[in-house]
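In my numbering, the protein residues as written are 41 to 517. Glycine included, each C-beta is placed from N, C-alpha and C at the ideal position. Computed from a predicted model, the values in this text were never measured in an experiment.
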């Protein structure tokens, strides 16, 4: 029998190879501890993301502090009333905030009627966590630009000079307040930019002979120059130059007729009570205001209608003609400008101390000839009736309630809405008014914040606030 040799070395190698393979396969299949490793990686990522968030928050806090300082600085520097140089103002703001080294540049662009200040600042915010990713610091920029620009402004200043202004020093306070307003909006640097139309009103509005003669009217006397405007016209901001208007009767019906006073006529009769259109002569405007006296009733809606007409482009032919006659400065050629002129602000300041009241007229039969016009100019209406007419016949002489208070409120609402629809900014001042008057004025204003309800000398502060706002600052970046 033959013995076959057995290679023990080969067998041992196979056994060892199989053992290693089994152990490797076991290692691959064994997942003990894998979640621990994943959790470690996840924790590291969470810490890194959280750290990045902290670095970004610190960066944003620094940026906010820098930007807030920038905004305040450029706003103050752009103020046209600021006497210090804009560069000095911005620098001072940064120095006082402990950020002086961050300011890079200040650029000023200014002219006769504007100032624009642009500033740039920056710093670097060191990181604590992002540096592990190779980002040792973050850039912190701040840019600010502020402008104050006195653009073209068309203003109608509508002032109540009715009889109730006689009480409680109201007419005195109004004179002071309106004069302050004029001085605030008409300054040397606003020359040829700001036009102000002064519209005093009581029971009616005397537009003055110059404007009156430019309109198509039934001219029957020369004692005063008021027009009767049909109710339908109050629904439009425009003034219908193709319509023929009746001239208002010249007479005085109010009071009890115990004397022959004729100073408080329904249509104001004195020159200082007439409309002054598109003026930039602060001295003359203040002189006119200083002469105001309280007279007659209250028709706010008529004052508002004329204020709107003087801002509406439909009135431009009248203004053009008055410029040709040297009644208005030639610099205002083209005014009132179109509503879509982005360089022009149109605004009305409407003031009253009361509310709309009734208004009477003489019956047509008693006011239809030249002798009648002269007669009622010479006699107080009620004084004459009480002496020469039987009391039972009084009613034949009256057109009672040509306007009622309710009708006046309705027409005021209409013309206010028409003006606002055209983008005219309306400020309303209720000067010692009752609740009804306050509500009417608030409804007329562009927004509730455009309405001021004031007492006594507070009226001056109201006019000041409005004047400042007309020339307000805007942060443009």
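Can you tell me whether DSSP reads residue 448 as helix, strand or coil? helix
Take residue 222 and list the residues in its own chain whose beta-carbon comes closer than 6 Å to its own, dropping the five residues that flank it on each side. 322, 325, 326
In the DSSP assignment, what residue or residues form a beta bridge with residue 200? 241
Rounded Cβ spacing between residue 99 and residue 165 (contact assumed at less than 8 Å): 4 Å
So, under 8 Å CB-CB, residue 271 and residue 451 are touching, yes? Tell me the CB distance rounded to an integer number of Å. 6 Å
Between 232, 241, 280, which lies nearest to residue 254 when the distance is taken from Cα to Cα? 280
Just tell me which of 382, 353, 388 has its CA closest to the CA of residue 373. 353
For the alpha helix (DSSP H) that residue 131 lies in, which residues bound it at each end? 126-136
Element boundaries [beta strand (DSSP E), containing residue 186]: 177-189
At the level of alpha carbons, what is the spacing between residue 497 and residue 469? 13 Å
Can you look up residue 213 in the DSSP assignment and give me helix, strand or coil? helix
Based on the DSSP output, what are the partners of residue 391 in its beta bridges? 469
Limits of the alpha helix (DSSP H) - the one that residue 340 falls within: 340-349
Take the Cβ of residue 506 as the centre, count every other Cβ of all protein chains shown within 10 Å, and call the residue buried at 16 or more, exposed below. buried
Would residue 414 be called buried (16 or more neighbouring beta carbons within 10 Å of its own) or exposed? exposed
Taking residue 359 and residue 335 to be in contact with their CB atoms under 8 Å, please state how far apart those CB atoms are, rounded to whole angstroms. The Cβ separation is near 28 Å, so there is no contact.
CB residue 466 to CB residue 478, shorter than 8 Å? no
On the CB-based measure, 16 or more other CB atoms within 10 Å of its CB, does residue 503 come out buried or exposed? buried
Below 6 Å CB to CB, which residues in the same chain sit around residue 219 once its five sequence neighbours on both sides are set aside? 326, 329
Residue 517 to residue 184, Cα distance in whole Å? Unreliable positioning characterises residue 517 in this predicted model, as indicated by a pLDDT of 37, which lies under 50. The coordinate reading is nonetheless provided below. Each residue's Cα considered, the two are about 6 Å apart.
Would you report the Cα separation of residue 418 and residue 509, rounded to the nearest angstrom? 47 Å
Assigned exposure category for residue 446 - 16 Cβ within 10 Å defines buried: exposed
Which complete beta strand (DSSP E) runs does the stretch 353-441 hold, if anything under 3 residues is left out? 384-392, 399-402
Delimiting residues of the alpha helix (DSSP H) encompassing residue 508: 498-510
For residue 314, which residues in the same chain have their Cβ closer than 6 Å to its Cβ, ignoring the five residues on either side in sequence? 246, 248
Simplified DSSP assignment, three categories, for residue 222: helix
Please state if the CB of residue 390 and the CB of residue 347 are separated by a distance shorter than 8 Å. yes
Mind checking residue 515: buried by the 16 CB within 10 Å criterion, or exposed? In this predicted model, residue 515 has a pLDDT of only 36, less than 50, meaning its place in the structure is not dependable; the value taken from the coordinates is given anyway. Looking at its Cβ environment, which holds fewer than 16 other Cβ atoms inside 10 Å, residue 515 is exposed.
Which of helix, strand or coil DSSP assigns to residue 105: helix
With distances taken Cα to Cα, identify the nearest neighbour of residue 146 among 92, 120, 186, 228. 186
Whole-Å CB distance - residue 438 paired with residue 396, under 8 Å assumed: With 8 Å as the limit, residue 438 and residue 396 do not qualify as a contact, their Cβ atoms being about 19 Å apart.
Within this structure, are the beta carbons of residue 257 and residue 284 separated by less than 8 Å? yes
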